[in-house]
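Engineer: Numbering (the working numbering), first residue to last: 3 to 250. Pasting a structure here, questions to come.
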């Protein structure tokens, strides 16, 4: 039997094998990633897209807006109201993913992706290809329980079990039913996006989505230890953060 295979067929077959191998091998996210906001002349695909509206149910929206108004008024007076950092409380999920100018470090292996924030040295562990537990079976905490899986080149992370006292996105309130979904992927070898969707059927009218963008730091960058040991600030009877000038 004389079997002839054309060059085009062989090339197509080889390409299919390479694509299959590429799909089976997830991208390596390992490294230190600094906050990236883009700027004039930046390729639009690198910039984080605009967030969706934050729409709270009426019974939660009114106190939330009142709190925001008080914060704005305090800022105009040069004051700061009680907040997470003043009390040395961890930011938790999802806020820890993007805090001011502080970078995050990602350490990746086949069974787990570990995310470390330089601010407060917070650590988030994402267990790969494990089933998620029911929300009521997760002990509430700052970071909840995160499990992830790969969808092509995107790491999809499902997190539940964030206790309601943890400050939410833009300071939003949330219930124990809150679910956070991260979709983390490389936009380019140097740019990383984390699309975060928050769903809380108790507090939100509809899920809210926003994106944190990162740029890879130099390979020799070393994360700085950040331990919150704050004995200089206190919160007065009006909820204003004050600076302690001397020991009493």
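In this text, a Cβ means the ideal position worked out from N, Cα and C, and glycines have one as well.
Which residue wins for smallest C-alpha separation from residue 221, given the options 33, 28, 26?
Structural biologist: Ranking 33, 28, 26 by Cα distance to residue 221 puts 33 first.
Engineer: Have a look at residue 55 and residue 214 and give me their C-alpha separation to the nearest angstrom.
Structural biologist: Looking at the two C-alpha atoms, the distance is approximately 16 Å.
Engineer: Where do the N-terminal and C-terminal ends of the alpha helix (DSSP H) with residue 70 fall, by residue?
Structural biologist: 60-78 is the span of the alpha helix (DSSP H), which, as asked, contains residue 70.
Engineer: Closest to residue 185 by CA distance: which of 161, 174, 192, 191 is it?
Structural biologist: Considering only alpha carbons, the answer is 161.
Engineer: Please name the residue, chosen from 172, 194, 92, 229, that lies closest to residue 257 on a Cα-to-Cα basis.
Structural biologist: Outside the shown range of the chain (3 to 250) lies residue 257, about which nothing can therefore be said.
Engineer: For residue 224, count the other beta carbons within 10 Å of its own beta carbon; 16 or more makes it buried, fewer makes it exposed. Which is it?
Structural biologist: It is exposed - the Cβ of residue 224 has fewer than 16 other Cβ atoms within 10 Å.
Engineer: In the DSSP output, what is residue 197 paired with across the bridge?
Structural biologist: The partner list for residue 197 (beta bridge, DSSP) reads 185, 213.
Engineer: Shortest alpha-carbon distance to residue 202 belongs to which of 116, 177, 31?
Structural biologist: Among 116, 177, 31, the Cα nearest to that of residue 202 belongs to 177.
Engineer: Could you give the DSSP three-state label for residue 24: helix, strand or coil?
Structural biologist: Confidence is the limiting factor: at residue 24 the pLDDT is only 46, short of 50, which leaves the residue's position unreliable and the question unanswerable from this model.
Engineer: Within its chain, find whatever has a CB closer than 7 Å to the CB of residue 110; leave out the 5 residues flanking it on each side and keep chain order.
Structural biologist: Excluding residues within five positions, the ones whose Cβ falls inside 7 Å are 30, 31, 32.
Engineer: Under the assumption that residue 149 contacts residue 132 (Cβ atoms under 8 Å), give the Cβ distance between them as a whole number of angstroms.
Structural biologist: Right, their Cβ atoms sit about 5 Å apart.
Engineer: Cα separation between residue 165 and residue 106?
Structural biologist: Each residue's alpha carbon lies about 23 Å from the other.
Engineer: So for residue 109, helix, strand or coil by DSSP?
Structural biologist: If DSSP states are grouped into helix, strand and coil, residue 109 belongs with the strands.
Engineer: What are the residues that DSSP puts in a beta bridge with residue 152?
Structural biologist: According to DSSP, which records beta bridges pairwise, residue 152 is partnered with 157.
Engineer: Determine, using beta carbons only, whether residue 92 and residue 124 come nearer to each other than 8 Å.
Structural biologist: Against a cut-off of 8 Å, the Cβ pair of residue 124 and residue 92 comes out as a contact.
Engineer: Between the Cα of residue 102 and the Cα atoms of 36, 64, 167, 69, which residue gives the shortest distance?
Structural biologist: When each option's Cα is compared against that of residue 102, the closest is 36.
Engineer: In angstroms, rounded to a whole number, what distance separates the CA positions of residue 59 and residue 218?
Structural biologist: Cα to Cα, residue 59 sits roughly 38 Å from residue 218.
Engineer: Does the Cβ of residue 119 have 16 or more other Cβ atoms within 10 Å, making it buried, or fewer, making it exposed?
Structural biologist: Buried: at least 16 other Cβ atoms inside 10 Å.
Engineer: Would the beta-carbon of residue 66 fall within 8 Å of that of residue 216?
Structural biologist: No, Cβ-Cβ distance for residue 66 and residue 216 is not below 8 Å.
Engineer: On the criterion of 16 or more Cβ atoms from any shown chain inside 10 Å, does residue 187 qualify as buried, or is it exposed?
Structural biologist: Under this definition residue 187 is a buried residue.
Engineer: Who are residue 35's beta bridge partners in DSSP?
Structural biologist: DSSP lists 106, 218 as partners of residue 35.
Engineer: Once the 5 residues before and after residue 231 are set aside, which same chain residues still bring their CB inside 8 Å of it?
Structural biologist: Same-chain partners within the cutoff: 90.
Engineer: Please state whether DSSP places residue 118 in a helix, a strand or coil.
Structural biologist: Three-state result, residue 118: strand.
Engineer: How big is the Cα-Cα spacing for residue 182 and residue 151?
Structural biologist: Computed Cα separation, rounded: 14 Å.
Engineer: Less than 8 Å between the C-beta atoms of residue 126 and residue 98, yes or no?
Structural biologist: Contact: yes.
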